[in-house]
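Sequential numbering of the sequence shown, starting at 1, is according to the numbering used here. What follows is one structure encoded as structure tokens, with my remarks underneath.
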Amino acid sequence: LCPLYPHNPEVLLNDLKCPSDLLDFGKFSDSMDYGIGTGTPLLHVVNPAFDYVPPQLVSLFITDA
1 LCPLYPHNPE VLLNDLKCPS DLLDFGKFSD SMDYGIGTGT PLLHVVNPAF DYVPPQLVSL
61 FITDA
């Protein structure tokens, strides 16, 4: 992870990309369970444009402030 914060206001930290960049849904569609009566898959794919580390995995945060 890069310690530098992007100061460009055009850079969005919560920018999400298309899930199909990670998974070929045709490959996994045969093995996925579908919700009963909903017709929607029970698989949710999040593809953030930037790295994300869940808070429970961060034990130390160092800053120069």
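The beta-carbon is built from N, C-alpha and C at its ideal position, and this holds for glycine as well. Treat the numbers as computed from the prediction; the structure is a model and nothing was measured.
Where does residue i sit, in a helix, a strand or coil, going by DSSP?
i	result
L16	strand
P55	helix
D21	helix
Just confirm the distance between the C-beta atoms of residue i and residue j, as a whole number of angstroms; I'd bet it's less than 8 Å.
i	j	result
V45	L23	6 Å
Beta carbon of residue i, beta carbon of residue j: below 7 Å?
i	j	result
A68	D21	Because the chain in this structure spans residues 1 to 65, residue 68 falls outside the shown range and cannot be described.
Across which residues does DSSP place residue i in a beta bridge pair?
i	result
P48	L16
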